[in-house]
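For the sequence shown, this note's numbering gives the first residue as -13, with consecutive numbering after it.
We put the beta carbon where it would ideally sit given N, CA and C, even for glycine.
Data block below; observations after.
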Amino acid sequence: MRAVQYNSYGGGPAGLKHVEIPLPTPSKDEILVKLEAASINPFDWKVQKGMLRPLFPRKFPHIPGTDIAGEVTEVGQGVQKFKPGDKIVALVNPFNGGALAEYAVAKESVAASRPSETSASEYAGLPVAGLTALQAVTKSLGIKLDGSGERKNVLITAASGGVGHYAVQLAKLGNTHVTATCGARNLELIKSLGADEVIDYKTPDGAALKSPSGKKYDAVIHCTVGIPWSTFEPNLTMRGKVVDITPSTASMLTFALKKLTFSKKQYVPLVLFPKGEDLKCLVDLVKEGKLRTAIDSKYPLTKAEDAWAKSIDGHATGKIIVEF
Ligand SMILES: NC(=O)c1ccc[n+]([C@@H]2O[C@H](COP(=O)([O-])OP(=O)(O)OC[C@H]3O[C@@H](n4cnc5c(N)ncnc54)[C@H](OP(=O)(O)O)[C@@H]3O)[C@@H](O)[C@H]2O)c1
-13 MRAVQYNSYG GGPAGLKHVE IPLPTPSKDE ILVKLEAASI NPFDWKVQKG
37 MLRPLFPRKF PHIPGTDIAG EVTEVGQGVQ KFKPGDKIVA LVNPFNGGAL
87 AEYAVAKESV AASRPSETSA SEYAGLPVAG LTALQAVTKS LGIKLDGSGE
137 RKNVLITAAS GGVGHYAVQL AKLGNTHVTA TCGARNLELI KSLGADEVID
187 YKTPDGAALK SPSGKKYDAV IHCTVGIPWS TFEPNLTMRG KVVDITPSTA
237 SMLTFALKKL TFSKKQYVPL VLFPKGEDLK CLVDLVKEGK LRTAIDSKYP
287 LTKAEDAWAK SIDGHATGKI IVEF
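Put into structure tokens, the structure is as follows:
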């Protein structure tokens, strides 16, 4: 099969090499998938940069990528939910990678069926970004997607990114007022996804995270980097909570110091714990027309390095897709 891989840390897009290699073999609890689409996440190039060493990758050469949508061609002996011919979306084991290849294996437990009539690209964006948004909204903030529950004022930063654009839509299914930050070019898109108020992060009020209506936030889903705790703090209600999906040592240290002042405000680092049932929940929401993927751009596998460069650039609107 055709695949894209790299042999060492660093190198950026030029470090990606196009190779021909044997197909992977599914183990007992895995499915083999012929890919139709994959999506790129910042996680992928952070692994290549060595930012997550020594955990990721497990070994070189490494085929990057975790998010896949395609058709099952073979199943391991213990697989019960899927059979060859099923259309699925899945999260590949992030330690091993494998999404930038014509075939990839994934555990049955982190795969979900998807409708065959809708484009694979719409679903390929869901695994990492959608699951992170879902975990932040429902688990970290306790927002109920059926609209019940106490009303919350929520701020979502970088609402135009992969995680942020899903988070806006999911939070709005709950009983929330959503304020979102993004660049000027995406203000209308983020409003169309349901945000009640949208602020341009390059304006003084945007940089200060001030809601135009003056509302303070019960919760923040923080999807970018470089905003200090001192910017969040004056905008939070007394028990306001910041869920940080890219926690840094500096932000955790600042918060630990703040804790010493007996502040009731909370800083909550989030690490994704992927579950098949959550992926199924996202697929169902797409099927019901309650969640959609904004697609920044699509590339064939032969241009995977361009997709890679686009993600590193940090200015994608929604998801970057590789099609097969
Ligand atoms: N904890 C976890 O398990 C987990 C899971 C998923 C992702 N993450 C991390 O979460 C972060 C976001 O991921 P992603 O996939 O959403 O990234 P992404 O799609 O690459 O985000 C790009 C978007 O961020 C916007 N942006 C950049 N700086 C901004 C700022 N200061 N204010 C408002 N918007 C800003 C950009 O808008 P402009 O183009 O207008 O600048 C662009 O639309 C990454 O660091 C990723 O590694 C963590």
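Starting from the C-beta of residue i, find all residues in its chain whose C-beta is less than 6 angstroms away, skip the five residues before and the five after it, and write them out in chain order.
i, result
"L9", "M(-13) and Y89"
"G56", "V19, K20, L21 and E22"
"N139", "H163, K201, Y203 and D204"
"P47", "Q(-9) and N(-7)"
"A(-11)", "V5, I7, I49 and A87"
"D292", "Y285"
"C168", "A145, S146 and I176"
Relative to the alpha-carbon of residue i, which residue among the options has its alpha-carbon at the smallest distance?
i, options, result
"F310", "Y285, S297, F241 and T303", "Y285"
"A157", "P70, S25 and A122", "A122"
"A97", "G36, L77, L112 and A115", "L77"
"I213", "P198, K188, A92 and G111", "K188"
"L159", "I26, L265 and I129", "I129"
"A302", "T223, A290, G62 and A144", "A144"
"V58", "G64, L41, K45 and E16", "E16"
"V211", "K261, T235 and K3", "T235"
"Q34", "K3, A166, L131 and A24", "K3"
"S107", "T279, G36 and G226", "T279"
"Y110", "W31, A0, S25 and L265", "Inspection of the sequence shows that residue 110 is occupied by Ala rather than by Tyr. That would be S25, whose Cα lies nearest to the Cα of A110."
"A92", "S105, G51 and P198", "G51"
"E136", "I54, K73, E94 and N161", "N161"
"L265", "G36, D299, E94 and W31", "E94"
"L287", "K45, V308 and N172", "V308"
"L239", "S216, S199 and P260", "S216"
"G262", "K227, E60 and N79", "N79"
State the beta-bridge partners of residue i as determined by DSSP.
i, result
"E57", "K20 and K73"
"D230", "H208 and P255"
"C168", "D186"
"V140", "V164 and A205"
"S25", "D53 and I307"
"V5", "A(-11)"
"H48", "Y(-8)"
"V91", "L18"
"S99", "I74"
"I281", "K305"
"G128", "In DSSP, G128 forms no bridge with anything."
"P286", "E309"
"G83", "I49"
Here's the rule I'm using: 16 or more other beta-carbon atoms within 10 Å means buried, otherwise exposed. How should residue i be labelled?
i, result
"P28", "buried"
"P190", "exposed"
"N221", "buried"
"D270", "exposed"
"L277", "buried"
"G(-3)", "exposed"
"A194", "exposed"
"P12", "buried"
"F241", "buried"
"D132", "exposed"
"F81", "exposed"
"E103", "exposed"
"F68", "buried"
Whose C-beta lies closer than 7 angstroms to the C-beta of residue i among residues of the same chain, with five residues either side of it excluded?
i, result
"K273", "P101"
"S126", "V229, V254 and L256"
"V149", "A115, T118, A119, C209 and I231"
"G64", "K14 and D15"
"K250", "M224 and R225"
"L38", "K32"
"L173", "V184 and D186"
What I want to know is whether the C-beta of residue i ends up closer than 6 angstroms to one or more non-hydrogen atoms of ligand 1.
i, result
"C168", "yes"
"Y334", "With the chain represented from -13 up to 310, any question about residue 334 goes unanswered, as that position is not in the structure."
"P28", "yes"
"A119", "no"
"S178", "no"
"T217", "no"
"V5", "no"
"S126", "no"
"I281", "no"
"V114", "yes"
"I231", "yes"
"K267", "For the record, residue 267 in the displayed sequence is Cys; it is not Lys. Because no heavy atom of ligand 1 lies under 6 angstroms away, the Cβ of C267 does not count as near it: no."
"V154", "no"
"V206", "no"
"T210", "yes"
"G83", "no"
"A302", "yes"
"G(-2)", "no"
Which residues in the same chain have their Cβ closer than 8 angstroms to the Cβ of residue i, if we skip the five residues on either side of it in sequence?
i, result
"D230", "H208, S237, Y253, V254, P255 and L256"
"V154", "I142, A145, V164, A166, I176, L179, G180 and A181"
"K196", "I185 and N221"
"F259", "Q121"
Say the cut is 6 angstroms; is the CB of residue i nearer than that to a heavy atom of ligand 3?
i, result
"N139", "Absence of ligand 3 is noted for the structure shown, with ligand 1 being the only ligands found."
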